[in-house]
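Going left to right, the sequence shown walks through residues 447 to 655 as our numbering numbers them.
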Amino acid sequence: MLANINLVWRTPNAEKLILKMARVSSPDPDNKNTSLINYLIKHKHWSPFEMTNMCVEITTSRAIAPQLLRHKSFTFQEFSQRYAEATDFEFTSPRRQDLNNRQNSINDLDEDTIEWWNQAQAIIQLNAKQTYKYALSLGIAKECARMLLPMSTQTKLYMNGTLRSWIHYFELRCSEATQLEHRQIALQARNIFTKEFPVISKALENSSL
């Protein structure tokens, strides 16, 4: 299942603000000459990009959320299973382990194996949901009952970061070295970034990043 990503907010007029702040020593009242953004990226002058932000809402699994949370330059707010019931799940397609690279998996499993995987997911998730609900009906606290839930349990989080953080996140997480489910998140976030910051995105496309 493809993760769901939505824009929550971004700094208004972010690209103009970056130009204004980059020109703090030699102001340009109109900030119409956007070639400076190309220069900043080419020469890796990243500090102006720290002055603007983008925040997205991400729906994914509890297996993938910790990979997002490793990016310490971002701030996060995540759905809490201590306070609210968690009964939705993510379904994933199975892939074969790459024996030469522990960080890679290969999409070439036979149909029988895929069918078994899909049935196993359905059985485990149904059993987990029913058992979790029963635990709650017995008065067991949500913070305890959540221990019965699998890694495929769905979660929602808000991910906020400077444009500098997003640029380097895309550089890392849009690559094929990233787990597919996480890479899908990064690619969707990059699509949002490209729409919201077209001048920066074009400059990045023309650079070596």
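Even for Gly, the Cβ is constructed at its ideal location relative to N, Cα and C.
Alpha-carbon spacing of residue i relative to residue j, whole angstroms
i: S519; j: D558; result: 43 Å
i: S653; j: I483; result: 11 Å
i: S551; j: Y580; result: 36 Å
i: I570; j: L609; result: 40 Å
i: V502; j: I646; result: 18 Å
i: E496; j: I510; result: 26 Å
i: Q630; j: A449; result: 7 Å
i: L618; j: T505; result: 20 Å
i: Q567; j: A530; result: 23 Å
i: L453; j: S611; result: 16 Å
i: W563; j: H517; result: 31 Å
i: R508; j: V470; result: 43 Å
i: M556; j: D544; result: What sits at residue 556 in the sequence shown is Asp, not Met. If I take the Cα positions, the gap works out to 15 Å.
i: S472; j: R528; result: 52 Å
i: Q634; j: M500; result: 13 Å
i: F522; j: I586; result: 28 Å
i: R542; j: K466; result: 50 Å
i: S539; j: T480; result: 43 Å
i: H491; j: S583; result: 57 Å
i: I613; j: E651; result: 11 Å
i: H489; j: N553; result: 39 Å
i: Q565; j: L626; result: 21 Å
Residues near residue i by beta carbon distance below 7 Å, same chain, minus five either side
i: R636; result: F616, C620
i: M594; result: Checking the displayed sequence, the identity of residue 594 turns out to be Leu instead of Met. Around L594: A574, T577, Y578, A581.
i: A468; result: L482, L486, P494
i: T498; result: T457, A460, L463, I464, T608, L609
i: H628; result: I510, Q513, R619
i: L515; result: F522
Exposure of residue i, with buried meaning 16 or more beta-carbon neighbours within 10 Å
i: W664; result: The question about residue 664 has no answer here: the residues shown for the chain are numbered 447 through 655.
i: P494; result: buried
i: F639; result: buried
i: E561; result: exposed
i: F643; result: buried
i: L572; result: exposed
i: A591; result: buried
i: F537; result: exposed
i: A649; result: buried
i: A632; result: buried
DSSP-derived helix/strand/coil call for residue i
i: T506; result: strand
i: V470; result: coil
i: K602; result: strand
i: T498; result: coil
i: W455; result: strand
i: T608; result: strand
Own chain partners of residue i with C-beta closer than 8 Å, once the 5 adjacent residues on each side are dropped
i: F525; result: A532, T601, K602, L603
i: A623; result: Q549, N550
Residue i Cβ short of 7 Å to the ligand ATP heavy atom set
i: T599; result: For the ligand ATP, the structure offers nothing, since it holds no ligand at all.
Neighbourhood of residue i by C-beta, 6 Å cutoff - its chain only, sequence neighbours within 5 removed
i: S598; result: S507, F535, E536
Inside the region 519–599 only - beta strand (DSSP E) runs reaching at least 3 residues: 521–524
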